[in-house]
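Trainee:
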Amino acid sequence: YSSAEYHGDIYDQVAPAIESRKMDCECVGGGRIRHEPDKKSILVYGYSQGYGKADHGITVELLKKKYSDYASITYSNDGY
Numbered sequence: 001y002s003s004a005e006y007h008g009d010i011y012d013q014v015a016p017a018i019e020s021r022k023m024d025c026e027c028v029g030g031g032r033i034r035h036e037p038d039k040k041s042i043l044v045y046g047y048s049q050g051y052g053k054a055d056h057g058i059t060v061e062l063l064k065k066k067y068s069d070y071a072s073i074t075y076s077n078d079g080y
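In case it helps, full-length UniProt numbering puts the sequence shown at residues 1 to 80.
#1: Between Gly29 and Gly46, how many whole angstroms is the CB-CB distance? I'm expecting something under 8 Å.
#2: Would you check if the distance between the CB atom of Gly31 and the CB atom of Ala54 is smaller than 9 Å?
#3: Go ahead and pull the three-state DSSP assignment for Glu61.
#4: Does the Cβ of Leu63 have 16 or more other Cβ atoms within 10 Å, making it buried, or fewer, making it exposed?
#5: Taking the alpha-carbon positions, what's the Lys22 to Asp9 distance?
#6: Classify Tyr75 as buried or exposed, calling it buried when 16 or more other Cβ atoms lie within 10 Å of its own Cβ.
#7: Alpha carbon to alpha carbon, what distance is there between Ile18 and Ile33?
#8: Go to Val28, then tell me how far its beta strand (DSSP E) extends in each direction, as first and last residue.
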């Protein structure tokens, strides 16, 4: 979704596919992810101007399951 400028742009793209499967969806916040594969490092930070801050702790736990071999997967509530 690199072409999306805002979280709402991504939501508008994915919501119809989710809802067509008779599931509900809601954007509960946003943020950014800095992924450095060569360093095996991921940082989740920031917030969405339109949706506020997501629970980055949940995001980190999901990422740790996917990238279990990474040295660092953390979050910060600072930044935009």
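No residue lacks a Cβ here, since even glycine has one placed at the ideal position from N, Cα and C.
Mentor: Reading from the atomic positions:
#1: Here residue 29 is taken as the residue at index 29 of the sequence shown, counted from 1. Here residue 46 is taken as the residue at index 46 of the sequence shown, counted from 1. Contact doesn't hold; Cβ gap of about 10 Å is too wide.
#2: Translated into positions along the sequence shown, residue 31 becomes position 31. Translated into positions along the sequence shown, residue 54 becomes position 54. Yes.
#3: As a working note, residue 61 is residue 61 in the sequence shown. The answer is helix: DSSP assigns Glu61 an H, G or I state.
#4: On the sequence shown, position 63 is the one that residue 63 refers to. With 16 or more Cβ atoms within 10 Å of its Cβ, Leu63 is classed as buried.
#5: Position 22 of the sequence shown, counted from the start, is the residue given in the question as residue 22. Position 9 of the sequence shown, counted from the start, is the residue given in the question as residue 9. Cα to Cα, the separation comes out at about 21 Å.
#6: Residue mapping note: residue 75 aligns to position 75 of the sequence shown, counting from 1. Tyr75 is buried by the Cβ-count criterion.
#7: The count along the sequence shown starts at 1 and reaches residue 33 at position 33. The count along the sequence shown starts at 1 and reaches residue 18 at position 18. Roughly 23 Å between the two C-alpha positions.
#8: Start at 1 with the first residue of the sequence shown, and residue 28 comes out as number 28. No beta strand (DSSP E) holds Val28; DSSP gives it neither H nor E.
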